[in-house]
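Visitor: My questions will all concern the structure given below.
Number of protein chains: 2
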Amino acid sequence: MSEFNNVTIVREANVYFDGAVTSRKVVFADGSYKTLGIMMPGDYEFGTEAAEIMEMMAGEVEVLLPGETEWKAIPAGESFEVPANSKFGIKVKTIADYCCTYITE
Amino acid sequence: MSEFNNVTIVREANVYFDGAVTSRKVVFADGSYKTLGIMMPGDYEFGTEAAEIMEMMAGEVEVLLPGETEWKAIPAGESFEVPANSKFGIKVKTIADYCCTYITE
Numbered sequence: 023m024s025e026f027n028n029v030t031i032v033r034e035a036n037v038y039f040d041g042a043v044t045s046r047k048v049v050f051a052d053g054s055y056k057t058l059g060i061m062m063p064g065d066y067e068f069g070t071e072a073a074e075i076m077e078m079m080a081g082e083v084e085v086l087l088p089g090e091t092e093w094k095a096i097p098a099g100e101s102f103e104v105p106a107n108s109k110f111g112i113k114v115k116t117i118a119d120y121c122c123t124y125i126t127e
Numbered sequence: 023m024s025e026f027n028n029v030t031i032v033r034e035a036n037v038y039f040d041g042a043v044t045s046r047k048v049v050f051a052d053g054s055y056k057t058l059g060i061m062m063p064g065d066y067e068f069g070t071e072a073a074e075i076m077e078m079m080a081g082e083v084e085v086l087l088p089g090e091t092e093w094k095a096i097p098a099g100e101s102f103e104v105p106a107n108s109k110f111g112i113k114v115k116t117i118a119d120y121c122c123t124y125i126t127e
């Protein structure tokens with residue numbers, strides 16, 4: 023287990039895909055933010071605005087990153103990065119717990 | 023939207039019922055804590071240790087509280103209380119976003 027200290031959390035969840043994907047926003051003292059989320063099994067496509075670092079804390083997923091033609095397995099404990107203003111596909115095989123960091127430099 | 027400030031959040035989710043119910047723990051400066059959670063549609067039974075105040079931020083649910091024989095609808099924006107060391111039933115009709123406060127006096 024790990025934790026974020028001295029943060030603000032928005033109480034209300036963000037809900038996507040009829041609730042199959044949900045997340046909550048955590049804001050840090052410097053104004054940067056992350057989301058902590060859950061993805062139920064399924065296939066999804068997400069668009070990014072800011073660049074993102076997606077850390078998979080639990081679950082089995084495969085991702086199709088922009089410009090790639092092959093799906094890549096991301097094991098729990100590993101991360102993948104997505105550029106700003108792009109799209110990526112994700113196949114969630116088992117319920118996934120993730121931490122998404124937004125790079126808004 | 024509302025938020026909790028100057029809190030600690032545990033990154034990893036708590037996962038129940040194969041992920042149909044998930045929550046994250048938020049710890050306050052005084053050591054008290056709450057969980058922010060999502061319940062997908064379904065019927066669940068939960069046991070309590072501490073007494074709980076369950077605030078439904080979104081979703082349609084009905085609850086069967088200890089000692090009651092009739093299910094009671096809890097609209098979004100309302101709360102229900104559950105005594106310590108008891109059980110309650112909940113029927114989730116539409117995805118529910120909740121905030122659970124634990125009373126550990």
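Order-wise, the sequence lines are chains A and B.
Residue 70 in this note's numbering is what sits at position 48 of the first sequence, and the numbering runs on without skipping anything.
Residue 54 in this note's numbering is what sits at position 32 of the second sequence, and the numbering runs on without skipping anything.
C-beta atoms are modelled at their ideal positions from N, C-alpha and C, and glycine is treated no differently.
If distances are taken between C-alpha atoms only, which option among Lys113/B, Phe102/B, Asp119/B and Asn107/B comes closest to threonine 126/B?
Guide: On the second sequence, residue 126/B is found 104 positions in, with the first residue counted as 1. When each option's Cα is compared against that of threonine 126/B, the closest is Asn107/B.
Visitor: Flag valine 37/A as yes if its beta-carbon sits less than 9 angstroms from any beta-carbon of chain B, otherwise no.
Guide: As a first step, residue 37/A is located in the first sequence; it is residue number 15 there, counting from the start. For valine 37/A, the answer is yes, since a Cβ of chain B falls inside 9 angstroms of its Cβ.
Visitor: Could you round the C-beta distance between valine 104/B and alanine 73/B to whole angstroms and report it? I think they count as a contact, below 8 angstroms.
Guide: Translated into positions along the second sequence, residue 104/B becomes position 82. Translated into positions along the second sequence, residue 73/B becomes position 51. Correct: roughly 7 angstroms between the Cβ atoms.
Visitor: Please identify, using Cβ separations under 8 angstroms, the residues of the stretch 107-127 of chain A that lie next to chain B, in order along the chain.
Guide: For the stretch 107-127 of chain A, which is checked against every Cβ of chain B, the residues closer than 8 angstroms are Ile117, Asp119 and Cys121.
Visitor: At the level of alpha carbons, what is the spacing between alanine 95/A and leucine 87/A?
Guide: Numbered from 1 along the first sequence, position 73 holds the residue referred to as residue 95/A. Numbered from 1 along the first sequence, position 65 holds the residue referred to as residue 87/A. If I take the Cα positions, the gap works out to 11 angstroms.
Visitor: Do we get a CB-CB distance below 9 angstroms when we pair valine 83/A with the residues of chain B?
Guide: Within the first sequence, residue 83/A is the residue found at index 61, counting from 1. Answer no: the Cβ-Cβ gap between valine 83/A and chain B never drops below 9 angstroms.
Visitor: Anyone know if the C-beta pair for isoleucine 112/B and alanine 35/A falls short of 9 angstroms?
Guide: In the second sequence, the residue the question calls residue 112/B occupies position 90. In the first sequence, the residue the question calls residue 35/A occupies position 13. Contact flag unset, no.
Visitor: Of the choices Trp93/A, Glu100/A and Glu25/A, whose alpha-carbon is the least far from that of alanine 80/A?
Guide: Mapped onto the first sequence, residue 80/A falls at position 58. Nearest option by C-alpha distance: Glu100/A.
Visitor: Counting only beta-carbon atoms, is isoleucine 96/A nearer than 9 angstroms to chain B?
Guide: On the first sequence, residue 96/A is found 74 positions in, with the first residue counted as 1. No - not a single Cβ of chain B is within 9 angstroms of the one on isoleucine 96/A.
Visitor: Shorter than 9 angstroms from the beta carbon of serine 24/A to some beta carbon of chain B?
Guide: Position 2 of the first sequence, counted from the first residue, corresponds to residue 24/A. So yes, serine 24/A belongs to the interface.
Visitor: Restricting to Cα atoms, I'd like to know which of Phe110/B, Glu77/B and Gly89/B is closest to glycine 69/B.
Guide: The count along the second sequence starts at 1 and reaches residue 69/B at position 47. Checking every option, the nearest Cα to that of glycine 69/B belongs to Phe110/B.
Visitor: Rounded to whole angstroms, what is the Cα-Cα separation between arginine 46/B and threonine 30/B?
Guide: Against the second sequence, residue 46/B aligns to sequence position 24. Against the second sequence, residue 30/B aligns to sequence position 8. So the alpha carbons of these two residues sit roughly 11 angstroms apart.
Visitor: Is the Cβ of methionine 78/B closer than 9 angstroms to any Cβ of chain A?
Guide: Residue 78/B sits at position 56 when you count from the first residue of the second sequence. No, methionine 78/B lies away from the interface with chain A (no Cβ there is under 9 angstroms from its Cβ).
Visitor: Which residues in the same chain as threonine 57/A place their Cβ atom closer than 6 angstroms to its Cβ, once the five residues preceding and following it in sequence are excluded?
Guide: In the first sequence, counting from the first residue as 1, residue 57/A sits at position 35. Cβ neighbours of threonine 57/A beyond the five flanking positions: Ser45, Lys47 and Cys122.
Visitor: Using DSSP bridges, identify the partner residues of alanine 95/A.
Guide: Locating residue 95/A in the first sequence gives position 73, where the first residue counts as 1. DSSP output for alanine 95/A lists Glu84/A as bridge partner(s).
Visitor: Within a Cβ cutoff of 8 angstroms, which residues of the same chain sit near aspartate 65/A, ignoring the five residues on either side of it in sequence?
Guide: For the purposes of this step, residue 65/A is taken as the residue at position 43 of the first sequence. If we look at aspartate 65/A and ignore the five residues flanking it on each side, its Cβ neighbours are Gly111, Ile112, Lys113 and Val114.
Visitor: Sort out for me which residues DSSP pairs methionine 78/B with in a bridge.
Guide: Here residue 78/B refers to the residue found at position 56 when the second sequence is read from its first residue. Answer is Tyr120/B.
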